[in-house]
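Protein chains: 2
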Amino acid sequence: MRGIAQLAKELGISTGTVSRALNGKRDVSDETKRKVMEAAARLGYAPNQAARALAQGTTRSIGFMIELDPETAASSDYFFMGVFDGVQSVLTRHGLDLLVLPCPTTQDRYHYLERFVARGVVDGIILASTQRVDQRVDLLQSVGVPFVTLGRSTSGQGYSWIDLDFEGVVNTSIDRLVALGHRRIALTLPFGEVNFGAVFEAAYRSALLRHGLEFDPRLMFVTRRSEQAGYRIVDEMIALEAAPTAVLLIYEVAAIGIYRRLAELGLTPGRDLSIVGLRDEPTVRFLEPSVTCFSVSLRDIGVAIAEAMLAQLPAHAGAYPPGIVQKLAHLELRAGESDGPARS
Amino acid sequence: MRGIAQLAKELGISTGTVSRALNGKRDVSDETKRKVMEAAARLGYAPNQAARALAQGTTRSIGFMIELDPETAASSDYFFMGVFDGVQSVLTRHGLDLLVLPCPTTQDRYHYLERFVARGVVDGIILASTQRVDQRVDLLQSVGVPFVTLGRSTSGQGYSWIDLDFEGVVNTSIDRLVALGHRRIALTLPFGEVNFGAVFEAAYRSALLRHGLEFDPRLMFVTRRSEQAGYRIVDEMIALEAAPTAVLLIYEVAAIGIYRRLAELGLTPGRDLSIVGLRDEPTVRFLEPSVTCFSVSLRDIGVAIAEAMLAQLPAHAGAYPPGIVQKLAHLELRAGESDGPARS
DNA sequence: CTGAAAGCGCTTACAG
DNA sequence: CTGAAAGCGCTTACAG
């Protein structure tokens, strides 16, 4: 005999009563409750997760699916760790566990998710690296599993998402660079079909339009999230007959490669090429000269995700206003020294 | 009716037979097997995780506990993503899932783990950020849950671990720096009680001894994993009456802060201060001048961890020689330009 | 306030 | 090769 049965026997009461006491149900005497709690703590008893999940039909855990693409994920640890912490801070208060589900490089993201969903491993799913067209959204919606995406998608309709305000970043950056006299502003875009790539590009185009600047597809560079990518595009930019005088980076780490290549060429960031990065990752903040970029609280993003999740869980209705949450996280400009007046 | 019962009804056979077919047991006709598989695929059926875990007494998933310490994790450290991928590549082949368990900053690591273990959420545990004295090791050993630690500990005895060869790194670095004429070599150590801090320091002391160099506690700097930490220690080193001419970094990202501070002071890495970092993170590899550091395959470390895990799981005995695995991952020197001859 | 019992959705000896 | 049935460890109406 083990588990709750053993505990019950030890106390000389029924397993039902033990269960009710442990779960803080009403209709159990304080005395019994106290004794059960004490014994559970003493014996280190915790209800078996599988049995409880089976009986309750709920796992009390939320899955956060991330992707281990070696190139993309290679420097995104920091990003997710911060978000995880925010998610946890909320879930913990509600007795929910966070399980991070890392989709291996070799596996298809759709099937990876599908399996977890079909087996009922978690009560809700958080999706990252949301694609422009993301079948995972359709899957989750058709199955009816509560979910929140970090990043929008054109798939599905009326679901909860939290995203960075890429439009705001682009507008602020372009306005700033134009005010500094820049007319040819390059842009780096993410490799692959992540949705924020499309958002970034669209915002860029409309910002140029707003300033009456010509859109030149040769000024757009598709890059991986890597230092190497920044190193490479310097030469590509210089090779253009009309080279850009500024560049807006979707992945700020590229600045590291750009700085290095510029140094090799005897050029100076902020003078010979203006650079604006996305997030103020510590790595980039310490470059010399410091990179102009934007700050955002990863923890707050995590908190927002968790709240959007809770709003969908029946067991937690009331704690948060039920309904769909769609929220853009504002990014605040942190002016550095990597951008300056355009030189003709 | 749902789940396996529904599938069984659909096919007009018993749930037992469906289960046996799905699990590839012998004693099921190929014909039945085929039909069941087909129907399962068509209906998107996957056995409920909780029910299966309860019946089998095994969850078929392995937990990887990491810590969300904001200061430590806050650097763009892709260490874990690489390791996860290696672990996955092995586990997947054996039908095991990897669940990453992120311990929130606000929670005690011991109790966080204890709860997961008591509830039987996973069949095995991988531990990271192993402490010099780590009660989690004792816990896991007393409960008898299979586990592998990433990093050694003085707690427990005779358990499986995979660790970086810090001793090798220190020996190679000190030999190299001494050969370059350095006599006063500083060291950065990790904040807190992680075991590799003690290993790093011990190796440093014995390497100095081997070269007949004096050990000076003022040359040891406890740092967080951050760029900021590197920035700060430059001034501290310079302030010493006998300043070090070289520094060996436990956290390579510190090089970024060091570079910045040196630049501000008009000093040059590799000439005015020699710097050797630990791992060749991309961030650091692109600094100018490039940082001398060491390369190691994170994926291989993950593979080794997973294999050490499988060796402990009864269900997978045979695939890997059972027993305790204790392995040091070799780090290969990648000479850069951040260290050079000592200047008097 | 408490106990007895059914049921959650699987797996697995046990018969046949 | 297949079915009927017990059992995994919980939770929860239902009585009392």
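In order, the protein sequences belong to chains X and U.
Be aware that the first sequence starts at 428, since it is given in the numbering used here, and climbs by one per residue.
Be aware that the second sequence starts at 428, since it is given in the numbering used here, and climbs by one per residue.
All C-beta atoms, glycine included, are put in the ideal place defined by N, C-alpha and C.
Owing to the predicted nature of the structure, the values given are computational and were not obtained by experimental measurement.
By the three-class DSSP mapping on this structure, what secondary structure does residue i have?
i	result
residue 536 of chain X	helix
residue 759 of chain U	strand
residue 449 of chain X	helix
residue 601 of chain U	helix
residue 505 of chain U	coil
residue 472 of chain X	coil
residue 575 of chain X	strand
residue 510 of chain U	helix
residue 570 of chain U	helix
residue 429 of chain X	coil
residue 456 of chain X	coil
residue 543 of chain U	helix
residue 549 of chain X	coil
residue 732 of chain X	helix
residue 519 of chain U	helix
residue 443 of chain X	helix
residue 655 of chain X	helix
residue 770 of chain U	coil
residue 633 of chain U	helix
residue 715 of chain X	coil
residue 483 of chain U	helix
residue 667 of chain U	coil
Classify residue i as buried or exposed, calling it buried when 16 or more other Cβ atoms lie within 10 Å of its own Cβ.
i	result
residue 501 of chain U	With a pLDDT of 45 at residue 501 of chain U, under the threshold of 50, the modelled position of that residue is not reliable, and the figure given next carries that caveat. Its Cβ being crowded by 16 or more others within 10 Å, residue 501 of chain U is buried.
residue 605 of chain U	buried
residue 682 of chain U	buried
residue 450 of chain X	exposed
residue 509 of chain U	buried
residue 748 of chain U	exposed
residue 494 of chain U	buried
residue 512 of chain U	buried
residue 490 of chain X	buried
residue 630 of chain X	buried
residue 524 of chain X	buried
residue 725 of chain U	buried
residue 465 of chain U	exposed
residue 642 of chain U	exposed
residue 531 of chain U	buried
residue 600 of chain U	buried
residue 570 of chain U	exposed
residue 456 of chain U	exposed
residue 428 of chain X	exposed
Along chain U, which residues have their Cβ under 9 Å away from the Cβ of residue i?
i	result
residue 516 of chain X	531, 532 and 533
residue 614 of chain X	Those within 9 Å of residue 614 of chain X in chain U number zero; the least Cβ separation is about 21 Å.
residue 519 of chain X	531, 533 and 534
Kindly examine the ligand COA and report whether one of its heavy atoms sits closer than 7 Å to the Cβ of residue i.
i	result
residue 535 of chain X	Absence of the ligand COA from the depicted structure is noted, as is the absence of any ligand whatsoever, leaving it without description.
Going by DSSP, name the residue or residues bridged to residue i.
i	result
residue 753 of chain X	X/588
residue 721 of chain U	U/706 and U/760
residue 494 of chain U	U/530
residue 524 of chain X	X/488
residue 614 of chain X	X/647 and X/675
residue 745 of chain X	Note: residue 745 of chain X sits in no beta bridge, so no partner.
residue 696 of chain U	U/700
residue 554 of chain U	U/492 and U/576
residue 680 of chain X	Partner(s): none; residue 680 of chain X has no beta bridge.
residue 621 of chain U	U/558
Counting only Cβ pairs nearer than 7 Å, list the residues of chain X close to residue i.
i	result
residue 683 of chain U	710 and 713
residue 546 of chain U	473, 474, 475 and 476
residue 480 of chain U	477
Strictly below 9 Å CB to CB, what residues from chain X border residue i?
i	result
residue 486 of chain U	476 and 477
residue 690 of chain U	715
residue 445 of chain U	Here the premise fails: no neighbours, minimum Cβ distance about 15 Å.
residue 658 of chain U	713
Can you list the residues of chain U that residue i reaches, using a CB-CB cut of under 7 Å?
i	result
residue 512 of chain X	495, 497, 531 and 532
Check your understanding: Quick check: the stretch 756 to 771 of chain X against the stretch 437 to 448 of chain U, are there 3 or more CB pairs under 8 Å?
Key -> no
Using 8 Å as the threshold, is the stretch 611 to 621 of chain X in touch with the stretch 666 to 673 of chain X, meaning 3 or more CB pairs across them?
yes
Please determine if the stretch 544 to 554 of chain X and the stretch 726 to 743 of chain X are in contact, where contact requires at least 3 C-beta pairs separated by less than 8 Å. yes
Worksheet item: With a cut-off of 8 Å, do at least 3 Cβ pairs link the stretch 532 to 550 of chain U to the stretch 473 to 487 of chain X?
Response: yes
Discussion item. Tell me whether the stretch 557 to 575 of chain U and the stretch 531 to 539 of chain U touch, counting them as touching only if at least three CB pairs, one residue from each stretch, are closer than 8 Å.
Written reply: yes
* Asked: Pairing CB atoms from the stretch 692 to 711 of chain X with CB atoms from the stretch 694 to 705 of chain U, are three or more of them under 8 Å?
  -> no
If you pair each beta-carbon of the stretch 643 to 660 of chain X with each one of the stretch 679 to 693 of chain X, do three or more pairs fall below 8 Å? yes
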